[in-house]
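Residue numbers (this note's numbering): -16 to 399. All C-beta atoms, glycine included, are put in the ideal place defined by N, C-alpha and C.
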């Protein structure tokens, strides 16, 4: 019996939360290798490099390059070849012929090229900001995946220890039943408790496998860092430098530049310069004369036609502003919740530590009482289960507090 009780006592004093090396209960097993040299920042970067939304970053970069090429060009649209043939054959057939040829080039309107350059500049800047915001978003997912693994492995290790103690208890009770010290009903009770603990172990193991698979599916890695705890960031408010907020402001600046460009663009009705020649003759007896042809076309008015396009660009601008304001509210709410969760969990951790101390005392008293025959097996199991729960809570609240710090850092805008 002392062997069993010593095992229970060892369970209470166990403080290590490292993953157990015991064989899994279920054949399906997802392995991850703990790498002491792997950091949280490296995991985030590796995940970001293979993240599907990186394609959007590449598309933004290509768009910025295209806008820069447009601004760098001295012409403002598609150049065209011009050819005109005039012949009097249909009516009087005197032989009057006129041929005009030319090369028509669209040119920038006043300040239009400058506005195009502003769009290109904001597009380039927004690409960088979007990249930072996306990497920050990936960091949040990595943080969540890692801390979920830590919690699930803690549940699994404690479930495994509890199951081992239940096995030892069943063996002791079985021997005592064989010796006639205990009734057969006590063995059935111990076996039922053993099976219950095994079921809990199976469920805990399954949760570990789910958490590991979620991590590897996200990061595309089969390694994870052994240490990824973070220091609490001292910030107390959401700053404009927050990656998500900076990206939202970048979108607004880009949309404003687009409004200014559309307002000057006349929707492709650019001023044009036509350089060419004109060949004509009055009658068949005359020779063709050649002149230089210069034509300047400048669009005037048309604001009512261009108005809907400007309004469409303004709609996109106001939509971006509204999204930014909604984001600010969401971040402020998330920061409040993160602060509240951290404070609550820190208080709960203090209480859990006190409960753990009481549970250790209860286990000592429970052991002595059971050895002396002062309590029954069912009372022994009930008190032991309560003590196990207190120990499990103390270990879990420590993890929860560390996870809360990571969540708050994520909300405040810290990227590993």
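{"Item": "Residue 446 - DSSP class collapsed to helix/strand/coil", "Value": "What the structure shows of the chain is the stretch from -16 to 399, and residue 446 is not part of that stretch, so it cannot be assessed."}
{"Item": "Between the CA atoms of residue 385 and residue 395 - distance to the nearest angstrom", "Value": "16 angstroms"}
{"Item": "Local Cβ density within 10 Å of residue 302, reported as buried at 16 or more and exposed below that", "Value": "exposed"}
{"Item": "Distance CB(residue 360)-CB(residue 164) smaller than 8 angstroms", "Value": "no"}
{"Item": "Outcome for residue 323 when other beta-carbon atoms lying within 10 angstroms are tallied against a minimum of 16", "Value": "exposed"}
{"Item": "Own chain partners of residue 133 with C-beta closer than 7 angstroms, once the 5 adjacent residues on each side are dropped", "Value": "382"}
{"Item": "Element boundaries [alpha helix (DSSP H), containing residue 293]", "Value": "286 to 354"}
{"Item": "Simplified DSSP state of residue 88, which is helix, strand or coil", "Value": "strand"}
{"Item": "Minimum length 3: unbroken beta strand (DSSP E) runs contained in the segment 14 to 45", "Value": "16 to 18"}
{"Item": "Distance between residue 58 and residue 81 (C-alpha atoms, nearest Å)", "Value": "29 angstroms"}
{"Item": "Local conformation of residue 397 per DSSP, three classes", "Value": "coil"}
{"Item": "Residue burial classification, residue 36 (beta-carbon count within 10 angstroms, cutoff 16)", "Value": "exposed"}
{"Item": "CA nearest to the CA of residue 221, picked from 279, 152, 317", "Value": "317"}
{"Item": "Start and end residues, alpha helix (DSSP H) containing residue 244", "Value": "226 to 248"}
{"Item": "Beta-bridge pairing of residue 69 - partner residues as DSSP gives them", "Value": "81"}
{"Item": "Distance CB(residue 374)-CB(residue 349) smaller than 8 angstroms", "Value": "no"}
{"Item": "Residue 191 - containing alpha helix (DSSP H), residue span", "Value": "167 to 202"}
{"Item": "Cβ-Cβ separation, residue 278 to residue 257 (assumed contact under 8 angstroms), whole Å", "Value": "4 angstroms"}
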